[in-house]
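Residue numbers (our numbering), protein chains in the order written: chain A, 1 to 110; chain B, 111 to 220.
Don't be surprised by glycine CBs; every beta carbon is placed ideally from N, CA and C.
Predicted model only: the values in this text are computed from it and were never measured.
Here is the structure we will look at, set down as structure tokens.
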Amino acid sequence: DAGITQSPRHKVTETGTPVTLRCHQTENHRYMYWYRQDPGHGLRLIHYSYGVKDTDKGEVSDGYSVSRSKTEDFLLTLESATSSQTSVYFCAISERYEQYFGPGTRLTVT
Amino acid sequence: GQQVMQIPQYQHVQEGEDFTTYCNSSTTLSNIQWYKQRPGGHPVFLIQLVKSGEVKKQKRLTFQFGEAKKNSSLHITATQTTDVGTYFCAVNSGNTPLVFGKGTRLSVIA
Numbered sequence: 001d002a003g004i005t006q007s008p009r010h011k012v013t014e015t016g017t018p019v020t021l022r023c024h025q026t027e028n029h030r031y032m033y034w035y036r037q038d039p040g041h042g043l044r045l046i047h048y049s050y051g052v053k054d055t056d057k058g059e060v061s062d063g064y065s066v067s068r069s070k071t072e073d074f075l076l077t078l079e080s081a082t083s084s085q086t087s088v089y090f091c092a093i094s095e096r097y098e099q100y101f102g103p104g105t106r107l108t109v110t
Numbered sequence: 111g112q113q114v115m116q117i118p119q120y121q122h123v124q125e126g127e128d129f130t131t132y133c134n135s136s137t138t139l140s141n142i143q144w145y146k147q148r149p150g151g152h153p154v155f156l157i158q159l160v161k162s163g164e165v166k167k168q169k170r171l172t173f174q175f176g177e178a179k180k181n182s183s184l185h186i187t188a189t190q191t192t193d194v195g196t197y198f199c200a201v202n203s204g205n206t207p208l209v210f211g212k213g214t215r216l217s218v219i220a
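Structure follows, in structure tokens:
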């Protein structure tokens with residue numbers, strides 16, 4: 001695998017609470033991505049980063065924010081979690097064209 | 111934004127039968143990538159196609175990019191139980207982020 005870890009791997013939280021998911025890479029790749037995966041929707045891009053402090057919105061960015069203060073870490077924050085944000089979240093990295101995915105975080109918002 | 115249709119959504123085959131999944135776009139693509147996700151796992155990059163009419167093979171897997179660069183197919187010859195999973199195509203146009211199809215879930219009956 002491409003040296004990507006995600007934490008936590010599983011989380012259950014209540015509606016209205018803030019949640020931060022972490023993606024860590026050891027490959028020093030420039031590009032990092034956050035996706036969510038839901039049945040019937042495939043993988044949808046939330047936010048991505050093309051360098052330290054350089055981020056942009058993806059297809060489903062509402063309700064999410066990101067930060068990248070170091071090359072190796074990309075954080076995804078749900079400011080006030082809602083039940084519609086229950087999903088599996090994948091981080092990915094790339095340097096050229098192919099993307100390498102982390103193991104995923106299963107988030108349940110009750 | 112960029113959209114891509116992937117069919118079929120599900121496919122059940124007997125072990126040894128062939129399998130094909132198709133990816134179609136209404137616009138001309140710069141390239142197309144294919145990923146495989148095993149049940150409970152994360153997406154794994156398989157291949158990228160760039161040239162019009164390109165055909166690439168990986169053992170029993172054959173990937174094809176249409177002449178107009180608007181469609182692609184993945185064909186598996188003589189499926190095995192190890193082929194089980196969801197196959198995604200992913201596309202972009204120019205420098206836009208990848209957009210994933212919704213995937214084809216393959217089940218193989220031994």
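Asked, Found
"Selected residue, minimal CA-CA separation from E27 (chain A), among A:Q99, A:L76, A:S69, A:G3", "A:G3"
"Chain-ordered chain B contacts of Q99 (chain A) [CB-CB under 9 Å]", "Q143, Y145, P153, F155, A200, L208"
"Y31 (chain A) - containing beta strand (DSSP E), residue span", "31–38"
"Test item: CB-CB of T17 (chain A) and A81 (chain A) under 7 Å", "yes"
"Exposure of K212 (chain B), with buried meaning 16 or more beta-carbon neighbours within 10 Å", "buried"
"Contact with chain A by Q112 (chain B), beta-carbon distance below 7 Å", "no"
"Where Q85 (chain A) falls: helix, strand or coil (DSSP)", "helix"
"Cβ-based neighbour list, A188 (chain B), same chain, cut-off 8 Å, excluding 5 preceding and 5 following", "G126, E127, D128, R170"
"Classification of G176 (chain B) by the beta-carbon crowding that lies within 10 angstroms, buried from 16 upward", "buried"
"Cβ-based neighbour list, T55 (chain A), same chain, cut-off 8 Å, excluding 5 preceding and 5 following", "H47, Y48, S49, V66, S67, R68"
"Three-way DSSP call (helix, strand, coil) for D62 (chain A) in this model", "coil"
"Neighbour flag for K179 (chain B) against chain A, beta carbons, 7 Å", "no"
"Endpoints, the beta strand (DSSP E) within which V218 (chain B) is located", "214–219"
"Entirely enclosed beta strand (DSSP E) segments - the region 147–216 of chain B, minimum 3 residues", "154–159, 165–168, 171–175, 181–186, 195–202"
"Nearest to V60 (chain A) (by Cα), restricted to the options A:V52, A:F74, A:H41", "A:H41"
"Distance between I157 (chain B) and Y31 (chain A) (C-alpha atoms, nearest Å)", "19 Å"
"For I46 (chain A): DSSP bridge partner residues", "Paired residues: none, contrary to the question."
"Integer-rounded CB distance, given that V12 (chain A) should sit under 8 Å from T108 (chain A)", "5 Å"
"Assigned secondary structure, T13 (chain A) (DSSP; H/G/I helix, E/B strand, else coil)", "strand"
"Presumed contact (8 Å Cβ cut-off) between V165 (chain B) and N134 (chain B), rounded CB distance", "So it is not a contact: roughly 17 Å between Cβ atoms."
"Closest Cα partner of V194 (chain B) within the set B:Q112, B:V154, B:P149", "B:P149"
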